[in-house]
Amino acid sequence: MKKIIVLSTALIFSAGIYAQDANTTAKNPDVPVMSNGFIGILGGYSISTGNWTHTSYVADQYGAWLPNNSDNLSAGFAGNGSTFGVEGGWYFCQYIGIGGHVSYSNFVFKGLDSISAGYRGSFDVDQVTTSVSGGYSIWNFMTGLYFRYPLTDKFSVTAKLLGGFTSATTPEIDVAVEDGGVEDGTFTQQKCTANSFGYMAGIGISYKLNNYLGINLQGTYASSQPDFKIDNTNRPVNVGRLLTEYNQPLTNYNICLGVTYLIGK
Amino acid sequence: MSFIAQIAVIAITGAMMAVSSCQKSESVLTPAPPGNEFLTTVVLQCINTKAPYDTETCLWRDLTPNGSNAPDTSEAALNLARNSTYACNVYILDESQQKLKKNLMDTNHFNINKLPANDSTNNVTTEIRARQNYHLVCFTMTQGTGGGLAANLSVVRDDYDNNSPPLQVGLIDTFTSLSPVSNGRMEVVLHHQPNVKNGSCEPGSPDFDVFYTVNIK
Numbered sequence: 056m057k058k059i060i061v062l063s064t065a066l067i068f069s070a071g072i073y074a075q076d077a078n079t080t081a082k083n084p085d086v087p088v089m090s091n092g093f094i095g096i097l098g099g100y101s102i103s104t105g106n107w108t109h110t111s112y113v114a115d116q117y118g119a120w121l122p123n124n125s126d127n128l129s130a131g132f133a134g135n136g137s138t139f140g141v142e143g144g145w146y147f148c149q150y151i152g153i154g155g156h157v158s159y160s161n162f163v164f165k166g167l168d169s170i171s172a173g174y175r176g177s178f179d180v181d182q183v184t185t186s187v188s189g190g191y192s193i194w195n196f197m198t199g200l201y202f203r204y205p206l207t208d209k210f211s212v213t214a215k216l217l218g219g220f221t222s223a224t225t226p227e228i229d230v231a232v233e234d235g236g237v238e239d240g241t242f243t244q245q246k247c248t249a250n251s252f253g254y255m256a257g258i259g260i261s262y263k264l265n266n267y268l269g270i271n272l273q274g275t276y277a278s279s280q281p282d283f284k285i286d287n288t289n290r291p292v293n294v295g296r297l298l299t300e301y302n303q304p305l306t307n308y309n310i311c312l313g314v315t316y317l318i319g320k
Numbered sequence: 163m164s165f166i167a168q169i170a171v172i173a174i175t176g177a178m179m180a181v182s183s184c185q186k187s188e189s190v191l192t193p194a195p196p197g198n199e200f201l202t203t204v205v206l207q208c209i210n211t212k213a214p215y216d217t218e219t220c221l222w223r224d225l226t227p228n229g230s231n232a233p234d235t236s237e238a239a240l241n242l243a244r245n246s247t248y249a250c251n252v253y254i255l256d257e258s259q260q261k262l263k264k265n266l267m268d269t270n271h272f273n274i275n276k277l278p279a280n281d282s283t284n285n286v287t288t289e290i291r292a293r294q295n296y297h298l299v300c301f302t303m304t305q306g307t308g309g310g311l312a313a314n315l316s317v318v319r320d321d322y323d324n325n326s327p328p329l330q331v332g333l334i335d336t337f338t339s340l341s342p343v344s345n346g347r348m349e350v351v352l353h354h355q356p357n358v359k360n361g362s363c364e365p366g367s368p369d370f371d372v373f374y375t376v377n378i379k
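Read top to bottom, the protein sequences are chains A and B.
Position 185 of the first sequence, counting from 1, maps to 240 under the working numbering, and the rest follow consecutively.
Position 105 of the second sequence, counting from 1, maps to 267 under the working numbering, and the rest follow consecutively.
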């Protein structure tokens, strides 16, 4: 469904290019023509930062995971990922506008070998098979201020400062335990979704292809701190990594390319 | 320009779809590293609660866990007074790398307190205790003379782990003997019950499975 929406948007924008060529307005080379608003799509690479990227599994000499160790409690095993979103805004004066941003980001699970080795050591068994379904995912619904400063009639520098609602989901982790040729069951750290306030700040550069279409390259920093209450199933034995709550900042840098449809002027 | 713009839009859109579309699942199998310790020696030491001088020690030893030699059961006999209560400890040793010193290695001289505190080469009991949340010692009596050992000897585990609720471990036990004089065999099994410990002996796999002859006199 997501792909269909993106493709449809691209086709609409592409068709618009031809239509606008025949209708190009006269330009004054001294005064850059600025649109009143924009709506666009963006996507790119997300780089996770902070505690939730740590892959610590701190155990004692007998392999027991230490439940009060700060590294254990903060480690989130989040890797890098990708992001995709839509945003739009309206400039109520030459340089400042308001707008909204909706994006979806996913981050791969990092350190699967590390966590699996930790579980094996904690249970002191012949082998464990650790599986992760997906990774972290984050939805951002934000609104705030957009800024722009034209460098030429084609290029402009943009910036934004947004805040709003963030919904994040943790990955599901399944661990199958086997020892002495006996299957000792599979325990699961369930997926968990939590909501929180989030914010985003970014800066970028835009290039105006014509009066109605522009492309941009932007870098953003996003942060939120949902308080996850995590369910664990089939855990009769108090051994090994057992997270029931996770409350760390989910911070990330995003490098995105975007296409915008320019509105007005 | 329009053609270039169209190509740019399609290229950017395609790139965005590519990077945002995949969120794969992955799985990894982690085997045990080589070089785990062996459990070669199981010592059962029982102290008569009303007559501490009556301390009985029995010892089961198999220094070739690969099965090349039969276990040494020459000292695997426990002699208990009838109608008595004994406080018993199970000690687990690894003598595959380093045999116990001579003054500790038989039932007449065994004293766990004389093992160096940091002697992890020999004393695996500390490790089992640290991993008590998924270990359980089970005792099973087999029929013998004098009405059978099962009827004349009861075993109660006295130590508990850190699970919720706490479950028995069995490294510390109370043996209670009855009349009449009898004997039989007692099987002692250390069950490794990762993720399946529930208080019963069925789940998991055995870390050791040894037999003692028990004489109630």
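From the three backbone atoms N, C-alpha and C, an ideal C-beta is built for every residue, glycine too.
Can you list, in chain order, the residues of its chain whose CB lies under 8 Å from that of residue i, leaving out five sequence neighbours each side?
i: D234/B; result: W222, R223, D224, L225
i: S367/B; result: H353, H354
Since residue i contacts residue j with CB under 8 Å, what's their CB separation in whole angstroms?
i: Q330/B; j: R347/B; result: Actually they are not in contact, since the Cβ atoms of Q330/B and R347/B sit about 22 Å apart, beyond 8 Å.
i: T375/B; j: N345/B; result: 7 Å
i: D234/A; j: T243/A; result: Not a contact, Cβ separation roughly 19 Å.
i: V180/A; j: V232/A; result: 6 Å
i: F272/B; j: T336/B; result: The Cβ separation is near 20 Å, so there is no contact.
i: Q245/A; j: N287/A; result: 7 Å
i: G95/A; j: V157/A; result: Actually they are not in contact, since the Cβ atoms of G95/A and V157/A sit about 12 Å apart, beyond 8 Å.
i: T213/A; j: Q273/A; result: 7 Å
i: N245/B; j: L340/B; result: 6 Å
i: G152/A; j: Y201/A; result: 4 Å
i: D239/A; j: P356/B; result: 5 Å
Cβ of residue i within 9 Å of Cβ of residue j?
i: T247/B; j: P227/B; result: no
i: A249/A; j: F196/A; result: no
i: N358/B; j: L206/B; result: As written in the sequence, residue 358/B is Val, which differs from the Asn given in the question. Contact flag unset, no.
i: I254/B; j: I290/B; result: yes
i: T287/B; j: V252/B; result: yes
i: Y254/A; j: A277/A; result: yes
i: P226/A; j: F164/A; result: yes
i: N271/A; j: S160/A; result: no
i: G177/A; j: G99/A; result: Per the sequence shown, the amino acid found at residue 177/A is Ser instead of Gly. For S177/A and G99/A, no; Cβs fall outside 9 Å.
Starting from the Cα of residue i, find the closest Cα among the options and give me that residue.
i: Y173/A; options: L200/A, T224/A, D115/A, Y159/A; result: In the sequence as displayed, the identity of residue 173/A is Gly instead of Tyr. Nearest option by C-alpha distance: D115/A.
i: S171/A; options: P195/B, I378/B, N377/B; result: P195/B
i: S279/A; options: I94/A, I96/A, G240/A, T104/A; result: T104/A
i: D216/B; options: A238/B, A243/B, A312/B; result: A243/B
i: N285/B; options: R293/B, I274/B, Q294/B; result: I274/B
i: K215/A; options: V237/A, A256/A, L128/A; result: A256/A
i: N289/A; options: T241/A, L312/A, G313/A; result: T241/A
i: G199/A; options: G155/A, V113/A, N161/A; result: G155/A
i: E188/B; options: E238/A, L167/A, R203/A; result: L167/A
i: A223/A; options: G118/A, A133/A, S125/A, L97/A; result: A133/A
i: L128/A; options: A119/A, G136/A, H109/A, G143/A; result: H109/A
i: L249/B; options: F200/B, N210/B, V190/B, R293/B; result: For the sequence presented, residue 249/B should be read as Ala rather than Leu. Closest by alpha carbon: N210/B.
i: T192/B; options: F162/A, S169/A, F93/A, D126/A; result: S169/A
i: N265/A; options: T315/A, T138/A, Y204/A, T306/A; result: T315/A
i: G118/A; options: G229/B, P214/B, R293/B; result: R293/B
So is residue i in contact with chain B if we call contact Cβ pairs under 9 Å?
i: A81/A; result: Its pLDDT being 43, under 50, A81/A is placed unreliably in this model, and the value from its coordinates should be taken loosely. Not an interface residue.
i: T184/A; result: yes
i: F178/A; result: yes
i: F242/A; result: yes
i: D208/A; result: no
i: R296/A; result: no
i: L305/A; result: no
i: S171/A; result: yes
Quick one: what's got a C-beta closer than 7 Å to residue i's C-beta in the same chain, skipping five residues either side?
i: N91/A; result: W145, Y146, I318, G319, K320
i: C148/A; result: none
Determine, using beta carbons only, whether residue i comes closer than 9 Å to chain A.
i: P193/B; result: yes
i: S258/B; result: no
i: Y296/B; result: yes
i: G366/B; result: yes
i: E289/B; result: yes
i: N324/B; result: yes
Less than 6 Å between C-beta atoms, sequence neighbours within five positions excluded: which residues of the same chain meet that for residue i?
i: V372/B; result: V204, W222, V350
i: N377/B; result: N241, N345
i: N302/A; result: D282
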